[in-house]
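These notes are about the structure you will find just below.
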Amino acid sequence: MKLYPISENHLYQKAYKNGRRASSRSVTVYVLRDRAAAKLKKQDPAGRMINRVGISASKKIGGAVERNRAKRVIREALRQIDREYDVKKGWLVVIAARYHATVLKMQDVYRDLLYCLGKAEMLNERSDAPQGRTED
RNA sequence: CGAGCGGGCGGGACUGCCGCGCGCCGGACGUCGAAAGGCGCCGGCGUGAGGAAAGUCCGGGCUCCACAGGACAGGAUAACGGAUAACGUCCGCCGGAGGCGACUCCCGGGAAAGUGCAACAGAAAUAGACUACCCAAGACGGCGGCACGUCCGCCGGACGGUACAGAUGGAAAGGCGAGGUAAAAGCUCACCGGCACGGCAGGCGACUGCGUGCAAAUGUAAACCCUAUCCGGAGCAACACCGUAUGCGGAGUCGCGCCGCCCGUUUUCCGACGGCAGGCGCGGUGCCGGUCCGGCAUAUCCGCAGGUGGCACGGGCUUUUCAGCCCGAAGACGCGCGGCAACGCGCGCCGCAGACAGAUGGCAGUCACGCGCCUUGUGCGUGAAACGUCGCUGGUAAUUCCGUUUUCGGUAUCUCCAGUCUUGAACGACGGCAUUCACGCCAGCGCGUACAGAACCCGGCUUACAAGCCCGCUCACUUG
74 MKLYPISENH
84 LYQKAYKNGR
94 RASSRSVTVY
104 VLRDRAAAKL
114 KKQDPAGRMI
124 NRVGISASKK
134 IGGAVERNRA
144 KRVIREALRQ
154 IDREYDVKKG
164 WLVVIAARYH
174 ATVLKMQDVY
184 RDLLYCLGKA
194 EMLNERSDAP
204 QGRTED
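Going from the first sequence to the numbering used here is simple: count from 1 and add 73.
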């Protein structure tokens, strides 16, 4: 999956204010239905629905090295989840890193993120979902 | 070996799978398009963080503001000589301070232009006279004398003279000695110290040594200040271009006075009122990012939202034009030469990441290094203890030989007992698939591998930094 980043600040504000929220010890996830999803689908050369994702790591969790590390780990976890599960499309997803995201291993962040996405009702039921990983 | 001083290196490595940014190539794919091509997708190749990328403290390049005006304000620097594109950086050197020394220092204009401040203590704080010392001269008072005067002698206090002594203080207007005096004082002299010099010698110079002269001079300039030198301001969120048809926000299309054209209302006219293009003056506003002077502009302008460039070395040439070639460059590396050094010159060679929610990663494994465990080990080594054998010491019984009448003494062999780490004495050698302990090594297991992420680009400074390694020098000792 290619990541489509959110660059507009007001979209972050909307997601924080109006989005569904789910948090764990390493990440907090905000999701909000993307009003521009249809337009983006039309613009997309492949004509697919996409999620726009923004990963936020504040200065609270550390310096530039720690913030980058948190973002990379979260991005990698999200990539694996997207490959192994059926994530709903057409949403704004904002993931805010918390302090533990800088310390934990990717597998731990993966579990946290999966839990949060499930709680935010972003996962479609898929019969082969949990076992899909092994079949690959 | 020990204790230090100065400088440098280093910044984990590899493999597999899955990914990311940028560039190039390929594609029979998707989409937009008339096409060229754009955007995407798939595949391949190349490339992709630091010594500090950090702090943003200095200096430059570059960009714009009016190519940068005048004055003031403000800021920075501060011995001297050099290096450099430049610097507050670097090198050398001078004086001072610290250290036995290697060496170090966020030590370095002016307090004989002015203003200020100097707590406490102390008699006194930048000048004075409290205690103290002194009556030689002068003044005053008292007493006495006679030759009675503008006289002489004695005494007094301190009007007066002095600043030697006085426990303080960072500092008491040089120190110490001699002379000198009524008492004293650089008042005079010798030595030492200080300051000055258009004096001599050395050095490019700061300065040093010598000489001559002088007696004025407490500290503080990280108090104001003065002197010299330098600095226009802001920064890539600069700035340029394309879109600005659009959205949002802000300021405004102006105020007063005078002149005056024209129009309207009213009016018989004069005149009054209103409108309006223009001119002049004053003001306002904006810009010339501190202020003033001076200048420009005055109707639309400014800011924020998008994209491209800046910008990933620069420039030029060319029918290989998504390419090729050439030249240059405060840049990196190597060699040579010059210089004590910073550094310079010449030659060779390289010429190297680039986003805009921000790429350079995730996971697994192997190895390296460090630390811990080592009651994880049929592991290895060393040491100690224990054990065994031999030796040795003491005792003991028997036997041989010698001395001896015998008791007994000596000597050698040997039995048994006790001992062989501190004693009365011995206090050593060897051994092990075997016991215990300690240390080290090798495996094994576990943990750790720092500080930290380019954002226009260079030169410095400062700060952060795990383990490890190297070079030069100093002091102390000669075996703990």
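Ideal Cβ placement from N, Cα and C applies to all residues, glycine included.
Supposed close pair residue i, residue j - CB separation, criterion 8 Å
i       : j       : result
Gly-127 : Val-167 : 5 Å
Ile-154 : Tyr-183 : 7 Å
Reduced DSSP secondary structure (H/G/I, E/B, other) of residue i
i       : result
Leu-177 : coil
Ala-137 : helix
Ala-193 : coil
Arg-98  : coil
Tyr-89  : helix
Range of the contiguous beta strand (DSSP E) that encloses residue i
i       : result
Arg-125 : 125–129
Val-166 : 164–170
Pick from the options that is closest to residue i, judged by C-alpha positions
i       : options                               : result
Lys-178 : Glu-149, Ser-129 and Arg-106          : Glu-149
Arg-171 : Leu-151, Arg-125, Arg-145 and Lys-133 : Lys-133
Arg-106 : Leu-165, Ala-95, Ile-147 and Gln-180  : Leu-165
Arg-145 : Thr-175, Lys-90, Glu-157 and Leu-190  : Thr-175
Gly-163 : Asp-185, Met-195, His-173 and Ala-143 : Met-195
Arg-125 : Lys-161, Leu-186 and Asp-185          : Lys-161
Through-space distance from residue j to residue i, alpha-carbon basis
i       : j       : result
Ala-193 : Val-100 : 13 Å
Pro-203 : Asn-197 : Here Pro-203 scores only 38 on pLDDT, less than 50, and its place in the model should not be relied on; the value that follows carries that caveat. Rounded to the nearest angstrom, the two C-alpha atoms are 12 Å apart.
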